[in-house]
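Novice: Below are the structure tokens for one structure; questions will follow.
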Amino acid sequence: MYITFLPLSYKTEAEPGSNLLYIAREQGIDLGGVCAGAKTCGKCKVLITKGNDWCYEKEEMLHLSEEERAKGYRLACSFTIKEDTCVILTDKKVNKGISQDKLTYKNHALRVSKSQNEDSKAVRKTYNYKTSYGIAVDVGTTTVVARLWELNEKRCLGTLTRLNPQRLYGGDVISRITYASQSSENLQNLTKLIRECCNELIQELVHVNSLSKTNIDKVVLVANTTMTHLLLGKPVDNLIKIPFQGVSYDGVMASPRDLKIDINPDGFVYVMPGISGHVGGDTVGCILSENLFERKGTTLLIDIGTNGELVFAKDGRMTVCSTAAGPAFEGGALHQGMGALVGAITKVQIREDKTHLEYIGKEEGAVPVGICGSGIIEAIAELYRMGLMDETGRLQGLAGESNEFILWEDERNKVVITQKDIREIQLAKAAIYAAMRLLLKNENTELKEIDYLLIAGAFGSNLDVCKAITIGLLPGVDEKKVQLIGNAALSGAEKVLLNDGVREIAEENSSLVKHLELAVMELFQEEFIKAMSFPRL
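So for the sequence shown, the working numbering puts the first residue at 4; every next one is plus one.
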């Protein structure tokens, strides 16, 4: 029997009893789920127009409205193929499967000091005065970002980003570790996917700059510990077992051939060192970006992403910890969540019975199609401020009756925040705040004693600090001390790319950073539960 995916006009053969989500995954079609088929997220929604004469499972009843079921919508993770089937993908899912979001690069400045070990003759011999190029890559759990540099003049030529293709196997690292641990073939599959993603970004960057892949002499990769292991093809089984130990946290200098990275074969690829099973090279990148090894005063850095990493730094001494925030802050696990793509709601203001929105592409005539991480923070803060949601997160009034609040609608579509969306954000913000409380307690430091609070990550680039304080993500924080530093992990990788001396600093000091393991602390659950509620206004 056959399955046809429209509007891709793609047909594939399937065995009776096959699961639709797994078939789509094997064909490289992203149906949007972030729970790796665990039937908990409800995001792998598809319209079945042929072969849909089968009862709905209980998970589908929870995630699909009566109207959606009447139209023929199903959850791919719950749908079994029993006859020839026709699957219609929404525009959003078609775009997620094949799109590549190009970021415009503006006003990027990076301060890089001259290496103490830099030898002009060695540089002359290595490059022979030819123009040399390098690429820094941030391999995130959700997105992968690559930035091209002309190395001689330290000039940035452009940036590209795309979704991590491993998301087909789950939106978080736990799902991917579970999948990779099932067989060596699964591990190899995830390794192949992320290397191909890096190569596609490299190819596009050199193409738009009229270069050849052989012009690229250096690539520096930064990632969390799980992504680093998967990139290198190392087993990840022990990363979810106490004491959460990885195979190695050392920086890796390799030939492009060894890692199958498609650049000048005489060049090299460097993978940044990590710190522990839960704190990886991305945190080292943040530390380098903000020069925390040498920075005076007391600094708290929070890298908000699918995994939240926190760094406490005082006069060069550092302690780090990690917490599983989940993908909600990056648009994952939300009913209509999405990344920073056209149609994503980014800002929300509620005034009496009017909702004012800002969204990507508004000036070009686009309409809202979903909401990104910064947008959901704003929306929830506004709902709380207007009394449309109580301290427990329960929607009130008409929104409470329908379990959703309509942000925008026209004759055909609407964008809503559901009760479940609010719960996902509560879980994520509670994880971050509980980690912050325990880290500061471990260092015998009060929040008011912090000199600098640095918020890193793509999500943090557009965060409204006041709204983050309102919902309890950063309660009790002095807004004047907060700095939004964007993708600091990538900035750290760029420093390494442009200066070999910075790489030496990373390798010499990363092993000296103290790691606080929250997973074995009984107090974490207590602090987490306290942080679930919203602070009183």
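Every residue, glycine too, gets a C-beta built ideally from N, C-alpha and C. Just so we're clear, the structure is a prediction, and the values are computed from it rather than from any experiment.
1) Have a look at C89, L401, T52, V418 and flag the residue whose alpha-carbon is nearest the alpha-carbon of A73.
2) What first and last residue would you give for the beta strand (DSSP E) that runs through R539?
3) Starting from the C-beta of K237, find all residues in its chain whose C-beta is less than 7 angstroms away, skip the five residues before and the five after it, and write them out in chain order.
4) Based on the DSSP secondary-structure assignment, which residues constitute the bridge partners of D141?
5) Identify which residue in L521, D503, L34 has its Cα closest to the Cα of L154.
6) Write down the C-beta distance between I307 and F462 rounded to the nearest angstrom, noting that I regard them as a contact closer than 8 angstroms.
7) If you check the beta carbons only, do A139 and V499 fall under 9 angstroms apart?
8) For the stretch 351-435, list the beta strand (DSSP E) runs that are entirely contained and at least 3 residues long, ordered along the chain.
9) Check whether the Cβ atoms of A384 and I474 lie closer than 9 angstroms to each other.
10) Extract the residue ranges of the beta strand (DSSP E) inside the stretch 213-275, only unbroken runs of 3 or more that lie entirely within it.
11) Cα-Cα, which of D220, L151, N212, V239 is closest to L193?
12) Measuring only the C-alpha atoms, how far is P19 from T88?
13) What separation, rounded to the nearest whole angstrom, lies between the Cα atoms of G346 and G373?
14) Relative to the C-alpha of A433, which residue among A402, A471, V418 is closest?
15) Tell me which same chain residues have a C-beta within less than 8 angstroms of the C-beta of L519, skipping the five on either side of it?
16) Are there 16 or more other CB atoms within 10 angstroms of the CB of Y5, so buried, or fewer, so exposed?
17) Give, in chain order, every unbroken run of the beta strand (DSSP E) that is at least 3 residues long and sits entirely within the stretch 19-98.
18) With DSSP as the reference, label H210 as helix, strand or coil.
19) Which residue spans inside the stretch 155-197 form an unbroken alpha helix (DSSP H) run of at least 4?
20) When you compare each of C469, A382, S292, E482 to Y455 by their alpha carbons, which one comes out closest?
21) If you compare alpha carbons, which of L501, D467, E188, L521 is closest to V485?
22) Using 8 angstroms for Cβ pairs, my map puts G376 next to E333. What's the rounded Cβ distance?
Specialist: Inspection of the coordinates gives the following:
1) It is T52.
2) Neither: R539 is in no beta strand (DSSP E) and is coded neither H nor E.
3) Closer than 7 angstroms at Cβ, skipping near neighbours: V250.
4) Paired residue(s): V148, V225.
5) Considering only L521, D503, L34, the residue with the shortest C-alpha distance to L154 is D503.
6) Their Cβ separation, rounded to whole angstroms, is 5 angstroms, which keeps I307 and F462 in contact under 8 angstroms.
7) Yes.
8) Those beta strand (DSSP E) runs which fall completely within the stretch 351-435 and span 3+ residues are 357-362, 407-412, 417-421.
9) Going by C-beta atoms, A384 is nearer than 9 angstroms to I474.
10) The beta strand (DSSP E) runs lying completely inside the stretch 213-275 and spanning 3 residues or more are 219-226, 255-257, 271-274, given in chain order.
11) Nearest C-alpha to L193: V239.
12) Rounded to whole angstroms, the gap between the alpha carbons of P19 and T88 is 11 angstroms.
13) Those two C-alpha atoms are separated by around 6 angstroms.
14) Sorting A402, A471, V418 by C-alpha distance to the C-alpha of A433 places A471 at the top.
15) The answer, listed in chain order, is T322, V323, C324, L441, L442, N445.
16) Y5 is exposed by the Cβ-count criterion.
17) Fully enclosed beta strand (DSSP E) runs of 3 or longer: 48-53, 76-78, 88-91.
18) Helix at H210.
19) Listed in chain order, they are 176-184.
20) The candidate whose alpha carbon is nearest that of Y455 is E482.
21) Measuring C-alpha to C-alpha distances from V485 to each of L501, D467, E188, L521 identifies D467 as the nearest.
22) With 8 angstroms as the limit, G376 and E333 qualify as a contact, their Cβ atoms being about 5 angstroms apart.
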